[in-house]
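Trainee:
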Amino acid sequence: MALVPDTKQGKVTFFRSKVAPWTASPTEIGTTAANVAAFDVLVSAAEDKRAAQTSAEGAFRAAVEEADQAVEAMAKAGADIISAVRTKGRTDSAVWALAQIPAPATPSPVGAPGTPSAMEVALNPNGSVVLSWDCANPAGSVGVIYHVYRQLEAVGDFTFVGGSGKKEFTDTTVPSGIATIVYKIQAVRSSAIGIDAEFIVRFGTAAGGAMTATVTAASPKLAA
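Using this note's numbering, count along the sequence shown one by one with no gaps and you end on 227.
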C-alpha cells in the first residue's frame with residue numbers, strides 16, 4: 004500500500020497531518036525548520052485551491068442543471084409552436100414561408116406488393132395441405148392479402164381457393180388421389196396487385212406408407 008494517497012484530497016489531508024509533527028522536530032527527522040515552514044505554506048495553498056475547486060465544481064453542476072432546464076423549457080415551447088404551425092399549414096400553405104419551416108414532403112406512393120417466393124409445404128393428418136411462403140413487400144405496405152389459386156394435375160384453368168392475410172394458407176379441399184397441384188399465389192393491396200408466382204406441389208408415398216409432399220417453384224414470371 005502506498006504511503007501517500009493517490010487522490011488530490013487524500014494527498015492534502017495526508018500532508019496536513021504531517022505539518023505539526025514535522026514542525027515540532029525538523030532537525031530530528033533530517034530536515035530544517037525553514038523547509039517545514041515553506042512546506043506548511045504549500046499545504047495551505049493546496050487546501051485553498053482544493054476548496055476553490057470544490058466550490059467551482061458545485062457551481063458548475065448547478066449551472067449545468069440550470070442550463071439543461073432552460074433548454075428543455077425552450078425546446079418544449081418551440082415544439083408547441085411548430086405543432087401549431089403544422090396544424091395551420093394543413094389549410095394555409097403560406098404559413099411555411101412565414102414561419103421559415105419546410106413544408107412536409109409529399110409521401111412517395113407505396114409500390115405494388117411483392118412476389119411470393121420460397122414456398123414450403125406440409126401435410127396435415129386430415130389430408131389438408133399447409134402452404135407458407137416469403138414475400139418482400141415495399142415499406143409502408145399494410146393490408147396485403149394473398150390470393151391462392153390452384154390447378155389440378157397441371158391441367159386446365161386455375162381455380163381460386165381462398166385468401167389469407169398472412170403468408171400462409173391451408174388448402175382443406177385437396178381431392179384424394181391427386182398427384183400434382185400447381186398453386187399460384189398473388190399479393191394484393193387495395194387496387195395494387197403484385198406479380199403472381201407459381202409453385203408445383205407433388206404428392207407421393209414414403210417407404211413406410213406415409214404421404215409426402217414436395218414443392219418446387221415454376222419458372223419465374225417477369226413484370227409486363
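By construction, the Cβ of each residue, glycine as well, lies at the ideal position given by its N, Cα and C atoms.
DSSP state of Phe161, grouped into three classes?
Mentor: Stepping through the sequence shown from its first residue, residue 161 is reached at position 158. Of the three classes helix, strand and coil, the one that applies to Phe161 here is coil, per DSSP.
Trainee: Which one or two residues does DSSP pair with Ile85 in a beta bridge?
Mentor: Mapped onto the sequence shown, residue 85 falls at position 82. In the DSSP output, where bridge partners are listed per residue, Ile85 has none listed.
Trainee: Pop quiz: Trp136 and Ala121 are said to be a contact at Cβ under 8 Å. What is the actual Cβ separation, rounded to whole angstroms?
Mentor: Mapped onto the sequence shown, residue 136 falls at position 133. Mapped onto the sequence shown, residue 121 falls at position 118. At roughly 6 Å, the Cβ-Cβ gap stays under 8 Å, so Trp136 and Ala121 are in contact.
Trainee: Identify whether Ala227 lies in helix, strand or coil by the three-state DSSP scheme.
Mentor: The count along the sequence shown starts at 1 and reaches residue 227 at position 224. The predicted model places Ala227 with a pLDDT of 39, which falls under 50 and marks its position as unreliable; any figure quoted below should be read in that light. Shown here, Ala227 sits in coil according to DSSP, grouped into three states, outside any helix or strand.
Trainee: With a threshold of 16 other CB atoms inside 10 Å of the CB of Thr217, please say whether the residue is buried or exposed.
Mentor: Indexing the sequence shown from 1 puts residue 217 at position 214. When all chains shown are included, Thr217 counts as exposed.
Trainee: Under DSSP, the alpha helix (DSSP H) around Ser20 begins and ends at which residues?
Mentor: Residue 20 sits at position 17 when you count from the first residue of the sequence shown. Taken as a continuous stretch (DSSP letters only), the alpha helix (DSSP H) holding Ser20 covers Lys11 to Ala27.
Trainee: State the DSSP-derived secondary structure class of Gly180, mapped to helix, strand or coil.
Mentor: Taking the first residue of the sequence shown as 1, we reach residue 180 at position 177. Gly180: coil per DSSP, three-state reduction.
Trainee: Shortest alpha-carbon distance to Glu123 belongs to which of Val15, Ile148 and Val132?
Mentor: As a position in the sequence shown, residue 123 is number 120, starting the count at 1. Closest option to Glu123, Cα to Cα, is Val132.
Trainee: Would you mind working out which of Asn140, Pro105 and Pro107 sits nearest Pro119, comparing C-alpha positions?
Mentor: As a working mapping, residue 119 is identified with position 116 in the sequence shown. Minimum Cα distance to Pro119 is reached at Asn140.
Trainee: Hey, how far is the Cα of Arg192 from the Cα of Ala87?
Mentor: One-based indexing of the sequence shown puts residue 192 at position 189. One-based indexing of the sequence shown puts residue 87 at position 84. Cα-Cα distance, rounded: 34 Å.
Trainee: Taking 7 Å as the threshold (C-beta atoms), are Gln154 and Val185 in contact?
Mentor: Within the sequence shown, residue 185 is the residue found at index 182, counting from 1. Within the sequence shown, residue 154 is the residue found at index 151, counting from 1. Contact: yes.
Trainee: Here's the rule I'm using: 16 or more other beta-carbon atoms within 10 Å means buried, otherwise exposed. How should Pro116 be labelled?
Mentor: For the purposes of this step, residue 116 is taken as residue 113 along the sequence shown, with counting starting at 1. So Pro116 counts as buried.
Trainee: Quick check on this structure: which residue in Ala73, Gln189, Val7 and Leu101 has the alpha carbon closest to the alpha carbon of Val164?
Mentor: Taking the sequence shown and counting its residues from 1, the one referred to as residue 164 is at position 161. Here the closest residue by C-alpha is Gln189.
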